[in-house]
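Residue numbering for the sequence shown follows my numbering, starting at 10 and increasing by one per position.
Beta carbons are placed, not taken as given, at the ideal position from N, Cα and C, and that holds for glycine.
Every value quoted in this text rests on a predicted model; they were computed, and no experiment measured them.
Presented below is the structure to which this report refers.
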Amino acid sequence: MHKSLFLVCPTDGLEYFLKKKYGNGHHFYGSLGNALICDAETVGYLSEMIEMHGIEEVWFVLSYNNRILLDALERQNFSDVKGLNSFYQDVINQKEYLEEVYAKRNFQFGILSFYLNKKIKELQIKLRSVTHKQLKIQGKIYDAKNRSFQSIYSDLIYLEKYHLN
Numbered sequence: 010m011h012k013s014l015f016l017v018c019p020t021d022g023l024e025y026f027l028k029k030k031y032g033n034g035h036h037f038y039g040s041l042g043n044a045l046i047c048d049a050e051t052v053g054y055l056s057e058m059i060e061m062h063g064i065e066e067v068w069f070v071l072s073y074n075n076r077i078l079l080d081a082l083e084r085q086n087f088s089d090v091k092g093l094n095s096f097y098q099d100v101i102n103q104k105e106y107l108e109e110v111y112a113k114r115n116f117q118f119g120i121l122s123f124y125l126n127k128k129i130k131e132l133q134i135k136l137r138s139v140t141h142k143q144l145k146i147q148g149k150i151y152d153a154k155n156r157s158f159q160s161i162y163s164d165l166i167y168l169e170k171y172h173l174n
């Protein structure tokens, strides 16, 4: 595997599992719920890290049972934490959209996929302005039951809102 930067949520504790699956020599950056704020300072720091360490791939990774996501879907105890308010609103909006289309109540994987796709697009746009390096940016969701990392659903599957004719 190419040198990678894994963007993780510290509440998931996935660093051990990522090192076990992909080996050592990779780098990690944490933000609650992967609610990475792509301001100039953060993007500049990530760009420096990418250049300095020869990183070729960036992975947004969350656990299927991410505490921040589950809180956004249920109690919303952390909604006042700086940087999480837009994450919570995205989760709530996507849940409402999915409820319109599906009868099932378990939307975690779809919501995580939607959110990670959104963060991937946001980071791609911001990094293009500070680096000319071609980066592969993808998302994975960790399933603790099966001890496996699953690729997120394509952005073509989970659009920002479904429009049915």
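Pairwise C-alpha distance: residue j and residue i
i: residue 36; j: residue 13; result: 6 angstroms
i: residue 145; j: residue 79; result: 28 angstroms
i: residue 16; j: residue 44; result: 10 angstroms
i: residue 57; j: residue 49; result: 12 angstroms
i: residue 169; j: residue 160; result: Bear in mind that a pLDDT of 49 at residue 169, under 50, signals an unreliable position, so the number given afterwards is only what the model happens to contain. Going from the Cα of residue 169 to the Cα of residue 160 covers about 19 angstroms.
i: residue 34; j: residue 11; result: 10 angstroms
i: residue 143; j: residue 65; result: 7 angstroms
i: residue 155; j: residue 32; result: 19 angstroms
i: residue 63; j: residue 54; result: 14 angstroms
i: residue 93; j: residue 87; result: 8 angstroms
i: residue 25; j: residue 84; result: 29 angstroms
i: residue 97; j: residue 127; result: 13 angstroms
i: residue 134; j: residue 89; result: 27 angstroms
i: residue 103; j: residue 153; result: 23 angstroms
i: residue 167; j: residue 95; result: A caution first: residue 167 carries a pLDDT of 47, below 50, which makes its placement in the model too unreliable to give a value.
i: residue 157; j: residue 59; result: 26 angstroms
i: residue 173; j: residue 149; result: At residue 173 the pLDDT is 46, less than 50, meaning the model places this residue with poor confidence and gives no usable figure here.
Of the listed residues the options, nearest to residue i (C-alpha basis)
i: residue 38; options: 67, 11, 61, 60; result: 67
i: residue 28; options: 70, 81, 87; result: 70
i: residue 30; options: 122, 151, 161; result: 151
i: residue 72; options: 140, 53, 19; result: 19
i: residue 140; options: 40, 61, 97, 41; result: 61
i: residue 40; options: 85, 99, 91; result: 91
i: residue 163; options: 86, 129, 143; result: 129
i: residue 147; options: 84, 93, 123, 24; result: 123
Residue j beta carbon less than 8 angstroms from that of residue i
i: residue 105; j: residue 47; result: no
i: residue 107; j: residue 118; result: no
i: residue 121; j: residue 52; result: no
i: residue 22; j: residue 75; result: no
i: residue 100; j: residue 125; result: no
Terminal residues of the alpha helix (DSSP H) in which residue i lies
i: residue 31; result: 24-31
i: residue 60; result: 49-62
Continuous beta strand (DSSP E) stretch holding residue i: start and end
i: residue 152; result: 145-152
i: residue 38; result: 36-39
i: residue 14; result: 13-17
i: residue 71; result: 66-72
i: residue 157; result: 157-160
**Message:** List, from N- to C-terminal side, the alpha helix (DSSP H) runs of 4 residues or more that fit wholly inside the stretch 83-134.
**Reply:** Here the runs fully enclosed are 94-110.
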